[in-house]
Each structure stands twice: as C-alpha cells, then as structure tokens.
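See below for the structure under consideration.
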Amino acid sequence: MLHVLNHPLITHKLTQMRRKETGTKDFKQNLDEIAGLMAYEVCRDLPVKPVTVETPVAACKTFELSNEIVLIPILRAGLGLVNGINDLIPTAKVGFVGLYRNEETLEPHEYFAKFPSNLDKAVNLVLDPMLATGGSAVAAIDIIKKKGATNIKLVCLVAAPEGVKVVEEAHPDVDIYIAALDSHLNEKGYIVPGLGDAGDRIFGTK
Ligand code: PRP
Ligand code: URA
Numbered sequence: 064m065l066h067v068l069n070h071p072l073i074t075h076k077l078t079q080m081r082r083k084e085t086g087t088k089d090f091k092q093n094l095d096e097i098a099g100l101m102a103y104e105v106c107r108d109l110p111v112k113p114v115t116v117e118t119p120v121a122a123c124k125t126f127e128l129s130n131e132i133v134l135i136p137i138l139r140a141g142l143g144l145v146n147g148i149n150d151l152i153p154t155a156k157v158g159f160v161g162l163y164r165n166e167e168t169l170e171p172h173e174y175f176a177k178f179p180s181n182l183d184k185a186v187n188l189v190l191d192p193m194l195a196t197g198g199s200a201v202a203a204i205d206i207i208k209k210k211g212a213t214n215i216k217l218v219c220l221v222a223a224p225e226g227v228k229v230v231e232e233a234h235p236d237v238d239i240y241i242a243a244l245d246s247h248l249n250e251k252g253y254i255v256p257g258l259g260d261a262g263d264r265i266f267g268t269k
C-alpha cells in the first residue's frame, strides 16, 4: 500500500531540498529532519508486546517494541535517511545494499551487500530518497527477501508514479512510504520536478 505522508513540516523541508540553490549542508540537514518525521509515521503500526516494569512508584503494565528494527539504506543516497531515523530508534541495526543505476539502461547494478543476522524476525526499513523507475528498490527488496526478510517497508522521499507501480507489482506485500508523489520521469529517468540527483546533492559530488 502507498502512504503519502502529507505533513506541513515535511512538505516545507522537502521544498527547501527541491530548490536548486540549496547547498549540501542545508540539503543534508533537511533530509535528516524529514527522516525523523517520516520515521514517526512509518513506525505507527510496529508490533508491541506487553511487559510489566517497576516504576519508582509501582508496577506498571505497559508495552515495548517486540521486533528488532533493521535500517537498510540503498547506497549511496539512502545513507542520507539513516541518521534521522536512528535518532528515533537508537537500537536499530543497519544493513547495506550497494546499487548504482546504469545511466543509459537505468538498470540497477549491485556492488555491495551486508546485513545483520535474523532479517527474518525483524521489521526491515529499506531507505532511498528517490523512487524513480523502481528498479533499485525492487532489486534491494529482492536481495533482502533472499536473506529471509518478510516484514519490509520501503521509505522514500520523492517518488514517480511509474516507480510506485513497478514496486507495487513486484512486491505487493511491501508498504511504501513517501513524502511526495511527483508528476513523471523524464527521458533520462529523473523524477520531474523531483530534486535532481539525490546522491550528488547529499555528498557534494558534481
Ligand atoms: C539513485 C537513487 C536510487 C535510484 C533510483 O541512485 O538514490 O537508488 O537512483 O532510481 P530507480 O528507481 O530508477 O532505480 P543512483 O543509482 O544514482 O546511485 P547513488 O545513490 O550512488 O547516487
Ligand atoms: N535518482 C535520483 O537521484 N534522482 C532522480 O530524479 C532519479 C533517480
């Protein structure tokens, strides 16, 4: 299912990121802040288990998270979403999928993968600011499903309708969370209006 997280703070910060004159420092800071705000919504339905704790006053029947959370950024640009979410979920583990998109074919190519154990028991958040053709997201989800992951959420900032459709068709069990659904892809596979090349803007390359 697609969740578009319409929130004035998220939209305002994303607007600053979209501006072409926004530099690396402000781009990264806004991304960090949006990641935290999105995490709050993405985690709304996380499973909890009942526990009893002793407060300084009395026993308290309450709840705590029942599953481990694993953050899986798609390198490089997905790294930009890790810190903001990790601030809210400091116990989260982090795995990595390295993919780059061939600029001509737009096909994703894997160059790195490293995960914590027990993806099968965790809630796995796949992170990438841009969902364009959907090829990278589908490939990353394929990779972690082969490692046993079943509970998977895809967290992106900006998506094209084409990419959402591709992921929904390939992985109908994966919930997709985005901050904005843009118009379309251009002939180079860039999201329109989008925000340009997220990796380059985060890391100052180009
Ligand atoms: C970008 C982006 C996504 C991918 C999206 O990465 O961060 O991973 O493109 O495009 P898709 O939906 O068409 O697959 P890129 O390949 O440019 O690598 P980078 O993150 O290292 O810059
Ligand atoms: N990757 C990006 O970084 N931006 C786009 O618009 C599409 C893919």
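In the numbering used here, the protein residues as written are 64 to 269. Every residue gets a Cβ at the ideal spot worked out from N, C-alpha and C, and that includes glycine. All of these numbers come straight from a predicted model, not from anything done at the bench.
query                                                                                                                      : result
Distance between A140 and A243 (C-alpha atoms, nearest Å)                                                                  : 17 Å
DSSP three-state assignment for E173, whether helix, strand or coil                                                        : strand
Distance between E250 and E127 (C-alpha atoms, nearest Å)                                                                  : 47 Å
With 16 other Cβ atoms within 10 Å as the buried cut-off, status of V230                                                   : buried
Selection from L144, M64, H247 that minimises the alpha carbon distance to A261                                            : L144
Beta-carbon contacts of L188 that lie in its chain and below 6 Å, excluding the five residues immediately before and after : L134, K216, V218
Distance cut-off 6 Å: D191 Cβ against heavy atoms of the ligand URA                                                        : no
Residues bridged to I215 (per DSSP)                                                                                        : N187
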